[in-house]
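Heads up, the thing below is written out as structure tokens.
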Amino acid sequence: MWTLVLLVAFALLGAGVTGLLSFSTVASADEAEHGLACPDYPWPHDGILSSYDHASIRRGHQVYQQVCASCHSMSLISYRDLVGVAYTEEEAKAMAAEIEVVDGPNDEGEMFTRPGKLSDRLPQPYANESAARFANGGAYPPDLSLITKARHNGQNYVFALLTGYRDPPAGISIREGLHYNPYFPGGAIAMPKMLNDEAVEYEDGVPATEAQMGKDVVSFLSWAAEPEMEERKLMGFKWIFLLSLALLQAAYYRRLKWSVLKSRKLVLDVVN
Amino acid sequence: MFISFFKYHRADEEVVDPKKYLEESCKPKCVKPLLEYQACVKRIQGDESGHKHCTGQYFDYWHCIDKCVAPKLFAKLK
Numbered sequence: 029m030w031t032l033v034l035l036v037a038f039a040l041l042g043a044g045v046t047g048l049l050s051f052s053t054v055a056s057a058d059e060a061e062h063g064l065a066c067p068d069y070p071w072p073h074d075g076i077l078s079s080y081d082h083a084s085i086r087r088g089h090q091v092y093q094q095v096c097a098s099c100h101s102m103s104l105i106s107y108r109d110l111v112g113v114a115y116t117e118e119e120a121k122a123m124a125a126e127i128e129v130v131d132g133p134n135d136e137g138e139m140f141t142r143p144g145k146l147s148d149r150l151p152q153p154y155a156n157e158s159a160a161r162f163a164n165g166g167a168y169p170p171d172l173s174l175i176t177k178a179r180h181n182g183q184n185y186v187f188a189l190l191t192g193y194r195d196p197p198a199g200i201s202i203r204e205g206l207h208y209n210p211y212f213p214g215g216a217i218a219m220p221k222m223l224n225d226e227a228v229e230y231e232d233g234v235p236a237t238e239a240q241m242g243k244d245v246v247s248f249l250s251w252a253a254e255p256e257m258e259e260r261k262l263m264g265f266k267w268i269f270l271l272s273l274a275l276l277q278a279a280y281y282r283r284l285k286w287s288v289l290k291s292r293k294l295v296l297d298v299v300n
Numbered sequence: 020m021f022i023s024f025f026k027y028h029r030a031d032e033e034v035v036d037p038k039k040y041l042e043e044s045c046k047p048k049c050v051k052p053l054l055e056y057q058a059c060v061k062r063i064q065g066d067e068s069g070h071k072h073c074t075g076q077y078f079d080y081w082h083c084i085d086k087c088v089a090p091k092l093f094a095k096l097k
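First to last, the sequence lines map onto chains A and B. Going left to right, the first sequence walks through residues 29 to 300 as my numbering numbers them. Going left to right, the second sequence walks through residues 20 to 97 as my numbering numbers them.
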């Protein structure tokens, strides 16, 4: 019986040791699996009362349009959303008019194409997900309307990813068709490096370095995912202030009403 | 700061990406992880199995560089 106990104990010990050994190799696989943790950048719109940098949003939209829109849709954003944020109404109307939109059916029951209007969504590069995958080696370029909310630490992650294309570490080889990016979970991403110095010529003359384009496009994507941010911060500040005043008033009133009970005297009579 | 911004773009000069520039200038701060990575590269040089890699040391190095670059980068951008 004791030999049995000893055998079981040794087996468990062995299993434990193997477990520990295998854990160490799993840990290093985990690192690449989760991707390199991205740093926190000091976004100008991060503060409790900070608004977006609208000039940056305008440049970022230009980067999106010229660099990203050929593969990534932003199907939740309409041209009219850009008015007052990045473009004037006339500019947005002119941009919309450059695209062709399928509309209809008309009175004859046929679909027809017309130039875009403010109410139209931004154009989609592919008809559907299958077409997108087919054109990109099986990988689907995700819709970017909510991407900074759809990824953990989205803004910093997207910036780090776009500007983080590097040579892989020694011992890692990426297959043909994929590219190495340490921030991407697993390390092998289908998208090639898209931001290269001076890929875009900014209207306002700002030098279009890779980091500049990355910052601007992430500002644009942050706005696209959270257009209500400025109003939300203003409302938040206003209501937290007002509710703190209300709290002080409520505390005073409660203590006032309770003072009657809190200042009463209780006498315990001795029974003789 | 103002002067260095002009250094990045004159009509006749190539633009220098501020992030690359800062990554280079942060290298001295991250010598230790860099040396660890280079030691690892040397260690696995003769490896035939294809299972050995230096991802851990690579990540440690770039994490150090990122932490150094991130607070300074946006000051160099518009």
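Glycine included, C-beta positions come from ideal geometry on N, C-alpha and C.
Residue i at chain B interface by Cβ criterion, 8 Å
{"i": "A:Asp74", "result": "no"}
{"i": "A:Leu64", "result": "yes"}
{"i": "A:Glu186", "result": "In the sequence as displayed, the identity of residue 186 of chain A is Val instead of Glu. No, no contact with chain B."}
{"i": "A:Val234", "result": "yes"}
{"i": "A:Glu226", "result": "yes"}
{"i": "A:Ala218", "result": "no"}
{"i": "A:Gly182", "result": "no"}
{"i": "A:Ile200", "result": "yes"}
{"i": "A:Pro210", "result": "yes"}
{"i": "A:Val54", "result": "Residue placement at A:Val54 cannot be trusted, given a pLDDT of 44 that sits under 50; what the coordinates show is reported in the next sentence. No, because no Cβ of chain B sits closer than 8 Å to the Cβ of A:Val54."}
Nonlocal neighbours in the same chain, by C-beta distance under 6 Å from residue i, ignoring five residues either side
{"i": "A:Tyr230", "result": "Arg87, Ala236"}
{"i": "A:Thr141", "result": "Glu128, Val130"}
{"i": "B:Pro52", "result": "Asp79, Tyr80, Cys83"}
{"i": "A:Glu258", "result": "Ser79"}
{"i": "B:Val50", "result": "none"}
{"i": "A:Gly199", "result": "none"}
{"i": "A:Leu190", "result": "Leu223, Gly242"}
{"i": "A:Leu64", "result": "Pro210, Tyr211"}
Contact set between residue i and chain A, taken where Cβ atoms lie within less than 8 Å
{"i": "B:Leu92", "result": "Tyr69, Ala239"}
{"i": "B:Lys86", "result": "Pro67"}
Partner residues on chain B for residue i, Cβ-Cβ distance less than 8 Å
{"i": "A:Asp58", "result": "The premise fails here: A:Asp58 is roughly 10 Å from chain B at the closest Cβ pair, so nothing lies under 8 Å."}
{"i": "A:Thr191", "result": "Lys38"}
Close-in-space but distant-in-sequence residues of the same chain around residue i (CB under 7 Å, 5 per side omitted)
{"i": "A:Gln183", "result": "Trp71, Thr176, Val246, Ser250"}
{"i": "A:Cys66", "result": "Asn181, Asn184, Tyr185, Ala188, Tyr211"}
{"i": "B:Tyr40", "result": "none"}
{"i": "B:Trp81", "result": "none"}
{"i": "A:Ala124", "result": "Tyr107, Gly144, Lys145, Leu146, Asp148"}
{"i": "A:Leu206", "result": "Ala216, Ile217, Ala218"}
{"i": "A:Cys99", "result": "Pro153, Asn164, Pro169"}
{"i": "A:Val228", "result": "Gln90, Val91, Gln94, Val95, Ala236, Met241"}
Euclidean distance between Cα positions of residue i and residue j
{"i": "A:Leu172", "j": "A:Arg108", "result": "17 Å"}
{"i": "B:Lys61", "j": "A:Glu157", "result": "44 Å"}
{"i": "A:Ser201", "j": "A:Ala218", "result": "14 Å"}
{"i": "A:Arg161", "j": "A:Tyr193", "result": "22 Å"}
{"i": "A:Arg282", "j": "A:Leu294", "result": "22 Å"}
{"i": "B:Cys87", "j": "A:Leu35", "result": "54 Å"}
{"i": "B:Leu96", "j": "A:Asn224", "result": "15 Å"}
{"i": "A:Gly214", "j": "A:Tyr208", "result": "9 Å"}
{"i": "A:Leu32", "j": "B:Ala58", "result": "47 Å"}
{"i": "A:Glu61", "j": "B:Thr74", "result": "11 Å"}
{"i": "A:Tyr115", "j": "A:Gly242", "result": "20 Å"}
{"i": "A:Leu77", "j": "A:Met222", "result": "33 Å"}
{"i": "A:Glu256", "j": "A:Gly233", "result": "29 Å"}
{"i": "A:Ile105", "j": "A:Gly166", "result": "26 Å"}
{"i": "B:Gln64", "j": "A:Ala239", "result": "34 Å"}
{"i": "A:Leu273", "j": "A:Lys285", "result": "19 Å"}
Chain-ordered neighbours of residue i on chain A, where CB pairs are closer than 7 Å
{"i": "B:Leu53", "result": "Neighbours of B:Leu53 on chain A: none; closest Cβ ~12 Å, over 7 Å."}
{"i": "B:Lys97", "result": "Val234, Gln240"}
Chain A contact for residue i (CB, 8 Å cutoff)
{"i": "B:Val50", "result": "no"}
{"i": "B:Gly75", "result": "yes"}
{"i": "B:Cys59", "result": "yes"}
Listed by chain order, chain B residues near residue i by CB distance under 9 Å
{"i": "A:Lys145", "result": "Going along chain B, no residue has its Cβ under 9 Å from A:Lys145, so there is no contact; the nearest lies around 32 Å."}
{"i": "A:Lys243", "result": "Leu92, Phe93, Leu96, Lys97"}
Contact list for residue i against chain B, beta-carbon separation under 7 Å
{"i": "A:Pro197", "result": "His72, Cys73, Thr74, Tyr77"}
Other residues of its chain near residue i: CB distance less than 8 Å, five sequence neighbours each side excluded
{"i": "A:Asn134", "result": "Phe140"}
{"i": "A:Gly132", "result": "Glu138, Met139, Phe140"}
{"i": "B:Lys38", "result": "Val88, Leu92"}
{"i": "A:Ser103", "result": "Arg149, Leu150, Gln152, Asp171, Ser173"}
{"i": "A:Glu117", "result": "Val111, Leu146"}
{"i": "A:Asp195", "result": "Tyr208"}
{"i": "B:Glu42", "result": "Ile84, Val88"}
{"i": "A:Arg179", "result": "Tyr185, Val186"}
Which runs of the alpha helix (DSSP H) fall wholly inside the segment 135–213 of chain A and span at least 4 residues, in chain order? Complete alpha helix (DSSP H) runs here, min 4: 157–163, 175–178, 182–190.
Quick check on the DSSP output: what are the complete beta strand (DSSP E) runs of length 3 or more inside the segment 208–243 of chain A, in order along the chain? Listed in chain order, there is nothing to give.
Going residue by residue through the segment 61–109 of chain A, where are the continuous alpha helix (DSSP H) segments of at least 4 residues, counting only ones entirely within it? Correct list: 82–91.
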